[in-house]
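Per the working numbering, residue 6 is the first one in the sequence shown, and the count goes up by one each step.
Every residue gets a Cβ at the ideal spot worked out from N, C-alpha and C, and that includes glycine.
Bear in mind the structure is a predicted one, so any value in this text is a computation, not a measurement.
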Amino acid sequence: MKPEVKIALITGGSRGLGRSIALMLAKKGHDVIITYRSKKEEASEVVKAIESLGQKSVALPLDIGELSSLEDFKENFKQTLLNHFKSEHFDFLINNAGIGVSIPFEQVDMTTFDQFTNIHLKGVFFLTQHLLPLIQNGGRIINVSSATTRYYIPGYALYATIKGSIETFTKYLAQEIGARGITANVIAPGPVETDFNGGMVRDNQKINEVLSSKSALGRVGQPQDIGGIVAFLCSQESEWITGQRIEASGGMNL
């Protein structure tokens, strides 16, 4: 019997981890809506790739850090569900969108602090709040954190501090939505070869080698490593997992 087609929303799905998650869910037979902030052409390519796998897909603009835009996004999203997917609800929310930069603690200013807070914490919190009524009972919410909440990396004080808040939020969220059969988990990737933080892990061979040496598996991550875990968390087999932080770092700094 062919599995039931579900609908996923992935923020920041035009590249990197978001792209990998989108394609992995499409390969599992699900339809996918992605958001993008400025990479419209790249988002369109992801849509085409998903459609080539036989699934429906749409890319919607969203600046997750502009909190005043969330209500308008919700209405646009609702119309997209109706017009393209003939549905009033969706199944999987993956809060992936984010930015990265290495800044020593002493150099973090309030403008940068507010920017990171709006994108990585307030945006996730309030987008989830806005869209929760549209998520099917038995659905999934997956928030993306970072392995740096467990171990120290120079320059990541701001990023890791805010991601730690997402991990706490996820535990509370899991408790408050559990009665609807919706699970909430957080995935915490280690270093992955993407363009995140200027492609530092992917493009700097020395950094790549140093980080690989700290992994029990002897390498840094690939986008598909993370996409596969998210796909599992969206599967029926994962329905008994909720409120958990799942680190995906290849055994970094054990």
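Check: Indicate whether the contact test is met: 3 or more Cβ pairs, each with one atom in the segment 85-103 and one in the segment 141-151, closer than 8 Å.; Outcome: yes
Check: Name the DSSP bridge partner or partners of V51?; Outcome: Partner(s): none; V51 has no beta bridge.
Check: Are the beta-carbon atoms of Q134 and H94 separated by less than 7 Å?; Outcome: no
Check: Under the DSSP definition of a beta bridge, which residues are partnered with P66?; Outcome: Y41
Check: Spatial neighbours of N258 within its chain, please: CB distance less than 6 Å, with the 5 preceding and 5 following residues excluded, ordered by chain position.; Outcome: Y156, K219
Check: Return helix, strand or coil for L98, following the three-state DSSP convention.; Outcome: strand
Check: From the DSSP output, read off the bridge partner residues of A3.; Outcome: Given that the chain is displayed from residue 6 to residue 259, the structure contains no residue 3 and the question cannot be resolved.
Check: May I ask you to list the residues that DSSP assigns as paired with V197?; Outcome: G226
Check: Is the beta carbon of I192 closer than 7 Å to that of I158?; Outcome: no
Check: Does the Cβ-Cβ distance between V225 and N213 come in under 7 Å?; Outcome: yes
Check: Pair every Cβ in the segment 31-49 with every Cβ in the segment 169-184, then say whether three or more of these pairs are closer than 8 Å.; Outcome: no
Check: Just to confirm before moving on: does the CB-CB distance between A31 and I12 stay below 7 Å?; Outcome: no
Check: What three-state label does DSSP hand E71 in the structure shown?; Outcome: coil
Check: Where does L58 sit, in a helix, a strand or coil, going by DSSP?; Outcome: coil
Check: Within 10 angstroms of its Cβ, does M29 collect 16 or more other Cβ (buried), or is it exposed?; Outcome: buried
Check: Give the straight-line distance between the Cα atoms of S217 and I187, rounded to the nearest whole angstrom.; Outcome: 36 Å
Check: Please list, in chain order, all residues of the same chain as G144 whose beta carbon is under 6 Å from its beta carbon, the five residues on each side excluded.; Outcome: D96, I187
Check: Grab me the residues of S25's own chain with a C-beta within less than 7 Å of its C-beta, minus the 5 sequence neighbours each way, in chain order.; Outcome: P228, Q229, I231, G232
Check: Between which residues of its own chain and L126 is the CB-CB distance below 8 Å, once the five residues before and five after are set aside?; Outcome: I167, S170, I171, F174
Check: Report the start-end ranges of each beta strand (DSSP E) in the segment 111-183 that is 3 residues or longer and not cut off at the edges.; Outcome: 140-149
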